[in-house]
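Here the structure comes first, spelled out in structure tokens, and everything after it is commentary.
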Amino acid sequence: MDLAIETRGLEKVYEKKIHALKGVDLQVPKGVVFGLFGPNGAGKTTLLSILTGIILPTKGEAYVLGIDAIKESLRVRERVGVLPEGFGFYEHLSGLENLIYLAMLDGLSREEARERAEKILDEVGLCEKKNVKVKEYSRGMRQRLGVAQAVLKDPELILLDEPTQGIDPQGVAWFKNFVVNLRQKGKTILISTHLLQEVGTLCSHAAIIYRGKILTIGSFEEISKRIREESNISAVFIYPNAFMAENAYKALVESGFGEVRVEAEKLYIIGDPEKAESMLSEKGIGVPSRVNFPSDWHDIFVHYIFFRRGDME
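Structural data, given as structure tokens:
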């Protein structure tokens, strides 16, 4: 397998013995959209910081596009685009001026930098706002500008840290389309996030990270097969919102149904789903949608973070 990213036994211990990464083995194939999924504080940002040479690991190896990311971080940064969480711009400059400046730092002439910056701003939907000072940008516009700087030098690999946090549904829809277009151009994209329901559908491969450990890694099909072999969840009932799912959960518990779990708008049925549906029907509660488990990356995340977490600590 041709890998864009590979780490071996990666560890990071901060002061006061905070163990941020614990023996991380990560493999990201080239040409895929890869999800690095985990709750806040799981080690996602630390891992990305090591891959881009911002910080050094305490132990282990890391390779990006075949380059040793620890010993040759400058070479890595030449070929990788990054959107760090909370990326900042020069507030008194326009979006266009910021990108021209960054492109010139990468060695382009002013004319080349302007041409490249204007092209990217058009691609991210900021062409009409290119001459507006960044201090007047909304959160969504800033995120688009952040994505623009990440792809400014046409990198082979793009690392995006919490790219949809704080932006509205329209911005999320735009982001999804933009990533699909990048994937069609043959780029490798790693999306680090805890917001799986917003970007999970983009990813063909992923890793679940929790407290510095990789709990599982692979394609959706590979991980789903492993989960089905070990899980006793028989079906997932999906409701329009978390409130309705909670009501259905309470109704099953009160009716004496076996084990059932609720997470957001989903009920995870352990036992006979037909019996569960019948019991809910008796209470006047329907089942809008019933799917097999796991049905998406969110189910996989829930399985490892909420259902199996205690087994893996």
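The number in the working numbering is simply the position in the sequence shown, starting from 1, with 51 added. No residue lacks a Cβ here, since even glycine has one placed at the ideal position from N, Cα and C.
Do three or more CB pairs link the segment 323 to 339 to the segment 273 to 288 at distances below 8 Å? With a cut-off of 8 Å, the segment 273 to 288 and the segment 323 to 339 count as touching, because enough Cβ pairs lie within range.
I need the DSSP call for Ile278, collapsed to helix, strand or coil. Helix at Ile278.
Is Glu169 helix, strand or coil by DSSP? The three-state secondary structure of Glu169, taken from DSSP, is helix.
Distance check for Ala315 and Gly251, CA to CA, integer angstroms please. Near 16 Å, if we compare the C-alpha coordinates of Ala315 and Gly251.
For the candidate residues His256, Lys264, Val75, Asn182, whose alpha-carbon lies nearest to that of Tyr114? Looking from the CA of Tyr114, the closest CA among His256, Lys264, Val75, Asn182 belongs to Val75.
For Leu196, collect the residues of the same chain with a Cβ closer than 6 Å to its Cβ; drop the 5 residues on either side in sequence, then sort them by chain order. Excluding its 5 nearest sequence neighbours in each direction, Leu196 has C-beta neighbours in its own chain below 6 Å: Gly146, listed in chain order.
Considering only residues of the same chain and omitting the five flanking positions on each side of Arg128, which have a CB-CB separation below 7 Å? Within its own chain, the residues whose Cβ lies closer than 7 Å to the Cβ of Arg128, once the five positions on either side in sequence are excluded, are Thr103, Gly104, listed in chain order.
Could you please give me the residues that DSSP links to Arg312 through a beta bridge? Tyr319.
So Thr244 packs on Glu272, CB below 8 Å; how close in whole Å? With 8 Å as the limit, Thr244 and Glu272 do not qualify as a contact, their Cβ atoms being about 21 Å apart.
Find the nearest neighbour of Phe294 within the set Val313, Val175, Ala93, judged by alpha-carbon distance. Of the listed residues, the one whose Cα sits closest to Phe294 is Val313.
State buried or exposed for Ala224, treating a residue as buried only when at least 16 other CB atoms are found within 10 Å of its CB. By the neighbour-count criterion, in which a residue is buried when 16 or more other Cβ atoms sit within 10 angstroms of its Cβ, Ala224 is exposed.
Proximal residues to Leu54 (C-beta, below 7 Å), its chain only, five neighbours per side dropped: Take Leu54, set aside five residues on each side of it, and the residues of its chain with a beta-carbon closer than 7 Å to its own are Gln78, Val79, Pro80, Lys81, in chain order.
Put Leu367 into one of helix, strand or coil per three-state DSSP. Nothing can be reported for residue 367: it is not among the residues displayed for the chain, which extend from 52 to 364.
Length of the line joining the Cα atoms of Phe88 and Arg262: In a straight line, the C-alpha of Phe88 is about 12 Å away from that of Arg262.
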